[in-house]
Amino acid sequence: MSSQEEDSAPSTSGREFINQMDLSSDSWRESRGRGAEVTVADACLEHELEGIPWSLYEGPQTQVVEPPSEVRMVDRPSRLRIGVELMDNSPIESSRPLGGKTTLRGSSSLKGNGSADNILDVQDKMMMKRRRLAHISEIAHVKSFSSSSPVFSVHLNTFKTKFIKITRTLNLQSPVGDTMAAKDADPSLGYLTRKDTEVKLPRPTRVKNKTPAPIQITAEQILREARERQEAEIRPPKQKITDSTELADYRLRKRKEFEDLIRRVRWNISVWIKYAQWEESQKDFNRARSVWERALEVDYRNHTLWLKYAEVEMKNKFINHARNVWDRAVTLLPRVDQLWYKYIHMEEMLGNVAGARQIFERWMNWLPDQQGWLSYIKFELRYNEVDRARQIFERFVQCHPKVSAWIRFAKFEMKNGEIGRSRNVYERAVEKLADDEEAEQLFVAFAEFEERCKESERARCIYKFALDHIPKGRAEDLYRKFVAFEKQYGDREGIEDAIVGKRRFQYEDEVRKNPLNYDTWFDYIRLEESVGNKDRIREVYERAIANVPPAEEKRYWQRYIYLWINYALYEELDAGDMERTRDVYLECLKLIPHKKFSFAKIWLLAAQFEIRQLNLNGARQILGNAIGKAPKDKIFKKYIEIELQLCNFDRCRKLYEKYLEWSPENCYAWSKYAELERSLAETDRARAIFELAIAQPALDMPELLWKAQVLQPKTHVSEPCKLMPFPAYIEFEKSEGEYERTRALYERLLDRTKHLKVWISYAKFEAFDSKEDDGGSDIPEDDVNELKKQCIQRARRVFEKAINYYRTSAPELKEERAMLLEEWLNVESGFGELGDVSLVQAKIPKKLKKRRQIVSDDGLATGYEEFYDYLFPEEAQTTNLKILEAAYKWKKQKISSDDE
Numbered sequence: 007m008s009s010q011e012e013d014s015a016p017s018t019s020g021r022e023f024i025n026q027m028d029l030s031s032d033s034w035r036e037s038r039g040r041g042a043e044v045t046v047a048d049a050c051l052e053h054e055l056e057g058i059p060w061s062l063y064e065g066p067q068t069q070v071v072e073p074p075s076e077v078r079m080v081d082r083p084s085r086l087r088i089g090v091e092l093m094d095n096s097p098i099e100s101s102r103p104l105g106g107k108t109t110l111r112g113s114s115s116l117k118g119n120g121s122a123d124n125i126l127d128v129q130d131k132m133m134m135k136r137r138r139l140a141h142i143s144e145i146a147h148v149k150s151f152s153s154s155s156p157v158f159s160v161h162l163n164t165f166k167t168k169f170i171k172i173t174r175t176l177n178l179q180s181p182v183g184d185t186m187a188a189k190d191a192d193p194s195l196g197y198l199t200r201k202d203t204e205v206k207l208p209r210p211t212r213v214k215n216k217t218p219a220p221i222q223i224t225a226e227q228i229l230r231e232a233r234e235r236q237e238a239e240i241r242p243p244k245q246k247i248t249d250s251t252e253l254a255d256y257r258l259r260k261r262k263e264f265e266d267l268i269r270r271v272r273w274n275i276s277v278w279i280k281y282a283q284w285e286e287s288q289k290d291f292n293r294a295r296s297v298w299e300r301a302l303e304v305d306y307r308n309h310t311l312w313l314k315y316a317e318v319e320m321k322n323k324f325i326n327h328a329r330n331v332w333d334r335a336v337t338l339l340p341r342v343d344q345l346w347y348k349y350i351h352m353e354e355m356l357g358n359v360a361g362a363r364q365i366f367e368r369w370m371n372w373l374p375d376q377q378g379w380l381s382y383i384k385f386e387l388r389y390n391e392v393d394r395a396r397q398i399f400e401r402f403v404q405c406h407p408k409v410s411a412w413i414r415f416a417k418f419e420m421k422n423g424e425i426g427r428s429r430n431v432y433e434r435a436v437e438k439l440a441d442d443e444e445a446e447q448l449f450v451a452f453a454e455f456e457e458r459c460k461e462s463e464r465a466r467c468i469y470k471f472a473l474d475h476i477p478k479g480r481a482e483d484l485y486r487k488f489v490a491f492e493k494q495y496g497d498r499e500g501i502e503d504a505i506v507g508k509r510r511f512q513y514e515d516e517v518r519k520n521p522l523n524y525d526t527w528f529d530y531i532r533l534e535e536s537v538g539n540k541d542r543i544r545e546v547y548e549r550a551i552a553n554v555p556p557a558e559e560k561r562y563w564q565r566y567i568y569l570w571i572n573y574a575l576y577e578e579l580d581a582g583d584m585e586r587t588r589d590v591y592l593e594c595l596k597l598i599p600h601k602k603f604s605f606a607k608i609w610l611l612a613a614q615f616e617i618r619q620l621n622l623n624g625a626r627q628i629l630g631n632a633i634g635k636a637p638k639d640k641i642f643k644k645y646i647e648i649e650l651q652l653c654n655f656d657r658c659r660k661l662y663e664k665y666l667e668w669s670p671e672n673c674y675a676w677s678k679y680a681e682l683e684r685s686l687a688e689t690d691r692a693r694a695i696f697e698l699a700i701a702q703p704a705l706d707m708p709e710l711l712w713k714a715q716v717l718q719p720k721t722h723v724s725e726p727c728k729l730m731p732f733p734a735y736i737e738f739e740k741s742e743g744e745y746e747r748t749r750a751l752y753e754r755l756l757d758r759t760k761h762l763k764v765w766i767s768y769a770k771f772e773a774f775d776s777k778e779d780d781g782g783s784d785i786p787e788d789d790v791n792e793l794k795k796q797c798i799q800r801a802r803r804v805f806e807k808a809i810n811y812y813r814t815s816a817p818e819l820k821e822e823r824a825m826l827l828e829e830w831l832n833v834e835s836g837f838g839e840l841g842d843v844s845l846v847q848a849k850i851p852k853k854l855k856k857r858r859q860i861v862s863d864d865g866l867a868t869g870y871e872e873f874y875d876y877l878f879p880e881e882a883q884t885t886n887l888k889i890l891e892a893a894y895k896w897k898k899q900k901i902s903s904d905d906e
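As structure tokens, this is what we get:
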């Protein structure tokens, strides 16, 4: 029976059936035998089952009422079956219809306290509920809700709550219990008590014996047992259709199911596909086409629909229908390549080559991707249409002007033996795509083509052309191929050139990343110089010197300036181009900002280059410009040296004058100027120059001068050496034998400074140098001894004067005083018997090690340090006197206290 017939079938109302039937045991048997039908709608009219929506139930269901014996709930897949039956089997008679006042006769199993009227009322209510529950037999399938649906779960819980409430009411044994249950019931909890809704958790099991069990259970065993105990899947029974009526009913039911499903989920394409495929399985192709067309109206952009639609037509050999479907599909969705492929494949399978070619032409008008063009070419080649394929390739490279397309075109010509055409294709590609990002692949393919054609020279030219035109960052694979090519076909020079090219590529990549990395430029230039290609060397030099430092600070130019120097030296020594060398020097001198800083080496190299070219006037002009724009010590010294070598003393005097005008505090210039005059036997001029030097205000720190002259006698640039004229002047006078002038100079020097070195030098001069005043081997020995005594007396006077100065004016300089005494002791011992060592030993101090606190800059003590102190004899006596004086005061205070 179909669902329509079931819906229209007559059913007996639950109320009418209960009103008409007798509830005696015989009546129950009769009703069971009759199989009376009660609908779910009649049962749900009662207030106990309120709130359950009708959408959860599927049509009217049949209920067969059986004699009440127990209460049971059976849960089956997607169906809730509830049967409620009376708890006792005693006969019950009713004298009125359901809903009126009922008089009960016969025995009852209800027991409890209370009056007879109350008991009868309670029994009457319980009987009413039993009768209502007897109407409920079965609830049909739940529509459009799964067990995981939250709406279904809410309604199912509501139903269960009401059912439990009713069954509890039926199981009450006394009216008192019924009254108490009604009092404790909570409507918000479905008329359950709070105690009923409490969650009772199982008590945790306490394991007393924690030793391992003798039989261990593994996870594999648990899974195997679970699989063995798994219930068999419930499958619907298979239907066997025996006649056309059943077939018609089956088709009607299935179509109704599909239509209902489509009404609900019209957008679900899979439902449409299943519907159409079912119609196809029933061989009702018109209906199937109708379903496909309706599906396309829903979503015609879904190419899967078109594919399955056309495949159905093709499978059932409806060729014209399939052509119609394919034509409509490619018209509406021309960018879906799969539709075109399927359409062309169908025509080709039917042998309609012209039709397939026509479809390809329609597709090519839409300018598809490369695969579409290649499919067209393969199609033509399958039928040996080489000329057509060549024409398609021409259109292909115009549509997709990429390197891969041109390479495919050239390989196609090569495969067909057209070497000239293939070379022509490569040449056209190079003209159009030489600057393309993928040009490296094109050149490699072109060179490999020439290599296969045994044209090694052409391949070499292609590689070199590519290396010159492709940016170095994109030519890594090209370099590797070129090196391999040269190793196979080239000679030693070619292989070296290829290897150099690889290194050149690395340097190009580095200077491209950081053009101001001058060390990389130096390495790159050295590489090119090892090759010996002048044009490339000059090119690299020009590129390197073009990267001028961004800031006009000397520290940024110190490495850069050597690029110019190396460039000039290369042009002079290697290239032999003197004019170009001169231009390099001039351009470099123009580029340097001489007002902020300058480089003396550039001026000097340029002047020396002119001297090597015997252009003395040019060298003088360069050095004169250097002195005028950026005077430096090196320039003056070198210029003076050049003029001295040429014996131009007047020019030297003028240069020294310019030198001293520019730097009057420079003691090196004064000393050298005086030395020049002395070498020319101009003693007075030399003495006058020394007098001017020591009269300069910058020479007011002779102690630094003396210390610098002792420690760094050859230094002339640092500040301490600016006072060098004094020792030079003294040495000058000593060499001239002017000892009185020398003593006067020492006295003048001591007026300016009391440095330790000055005292020691003065004392040694008196002790050893001045005794040769009347030198000569003709002097008697007694006179010599007398002279030595005079010398030692003068030296002692100098030492005593120095000791007095340190003791009175600079008592804190104990270390210098001790050093002075050591020098005095050495001088006395150097005179032998004439010296008096005891005179100095009485003044030698004691060396003591002491500790003092270290104080930081913020005034905090940070620790202690050890130092050496000197205790002189006179200080020791003073200390002893202070101790005696303190003891005398203490004794005096004690006596006065005793008197009191």
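In our numbering, the protein residues as written are 7 to 906. Think of the CB as a built atom: it goes at the ideal place given N, C-alpha and C, for glycine as much as any other residue.
From the DSSP secondary-structure annotation, give me the bridge partner or partners of residue i.
{"i": "I350", "result": "Answer by DSSP bridge pairing: none, since I350 is not bridged."}
{"i": "K859", "result": "A quick correction: the sequence has Gln, not Lys, at residue 859. Y870, per the DSSP bridge assignment."}
{"i": "L877", "result": "K852"}
Residue i lies in the alpha helix (DSSP H); which residues open and close that run?
{"i": "T587", "result": "584-597"}
{"i": "G630", "result": "622-635"}
{"i": "G865", "result": "Looking at the DSSP string, G865 is not in any alpha helix (DSSP H), and its letter there is neither H nor E."}
{"i": "K321", "result": "309-321"}
{"i": "K417", "result": "409-421"}
{"i": "A574", "result": "567-575"}
{"i": "M334", "result": "Looking at the sequence shown, residue 334 is not Met but Arg. Per DSSP, R334 belongs to the alpha helix (DSSP H) from 325-338."}
{"i": "H406", "result": "Looking at the DSSP string, H406 is not in any alpha helix (DSSP H), and its letter there is neither H nor E."}
{"i": "D305", "result": "Counting along the chain, D305 falls outside any alpha helix (DSSP H), and DSSP gives it neither H nor E."}
{"i": "N832", "result": "820-836"}
{"i": "K487", "result": "482-495"}
{"i": "Q847", "result": "843-847"}
{"i": "R427", "result": "425-439"}
{"i": "Y562", "result": "560-563"}
{"i": "K384", "result": "376-388"}
{"i": "E368", "result": "According to the sequence displayed, residue 368 carries Arg and not Glu. Where R368 is concerned, the enclosing alpha helix (DSSP H) stretches over 359-370."}
Go ahead and pull the three-state DSSP assignment for residue i.
{"i": "E872", "result": "strand"}
{"i": "K602", "result": "coil"}
{"i": "E204", "result": "coil"}
{"i": "Q67", "result": "Residue confidence for Q67 is low, a pLDDT of 37 falling below 50, so the modelled location carries little weight and cannot support an answer."}
{"i": "T759", "result": "coil"}
{"i": "V537", "result": "helix"}
{"i": "P4", "result": "With the chain covering only 7 through 906, there is no way to say anything about residue 4."}
{"i": "Q799", "result": "helix"}
{"i": "A692", "result": "helix"}
{"i": "L698", "result": "helix"}
{"i": "F805", "result": "helix"}
Taking contact to mean at least 3 C-beta pairs separated by less than 8 Å, is the region 388-402 in contact with the region 415-423? Yes: the two stretches touch, three or more of their Cβ pairs being nearer than 8 Å.
Give, in chain order, every unbroken run of the alpha helix (DSSP H) that is at least 4 residues long and sits entirely within the region 208-293. The alpha helix (DSSP H) runs lying completely inside the region 208-293 and spanning 4 residues or more are 225-234, 250-270, 275-287, given in chain order.
Would you check if the region 762-773 and the region 796-808 touch, i.e. whether three or more CB-CB distances between them fall below 8 Å? In short, these stretches touch, since the Cβ pair count reaches three.
Check whether the region 572-591 and the region 534-554 are in contact - that is, three or more C-beta pairs closer than 8 Å. Yes, the region 572-591 touches the region 534-554.
Let me know the alpha helix (DSSP H) ranges lying completely inside the region 651-681, each 4 residues or longer, listed in chain order. List check, alpha helix (DSSP H) in window: 655-668.
Segment contact, 8 Å Cβ cut-off, at least three pairs: the region 436-448 with the region 470-478: The region 436-448 makes contact with the region 470-478; the number of CB pairs closer than 8 Å reaches 3 or more.
So does the region 415-435 actually touch the region 454-468, counting three or more Cβ pairs closer than 8 Å? Touching, yes.
Touching or not, the region 667-679 and the region 650-657, by the rule of three or more beta carbon pairs under 8 Å? Not touching, per the Cβ criterion.
If you pair each beta-carbon of the region 341-359 with each one of the region 308-319, do three or more pairs fall below 8 Å? Touching, per the Cβ criterion.
Could you tell me whether the region 508-515 touches the region 479-489, using the rule of 3 or more Cβ pairs below 8 Å? By the criterion of at least three beta-carbon pairs nearer than 8 Å, the region 508-515 is in contact with the region 479-489.
Taking three-plus beta-carbon pairs below 8 Å as touching, is the region 856-868 in contact with the region 815-833? Under the Cβ criterion (8 Å, minimum of three pairs), the region 856-868 does not count as touching the region 815-833.
Check whether the region 249-258 and the region 209-222 touch, using three or more Cβ-Cβ pairs below 8 Å as the test. Remark: fewer than three beta-carbon pairs, one from each stretch, lie closer than 8 Å, so the region 249-258 and the region 209-222 are not flagged as touching.
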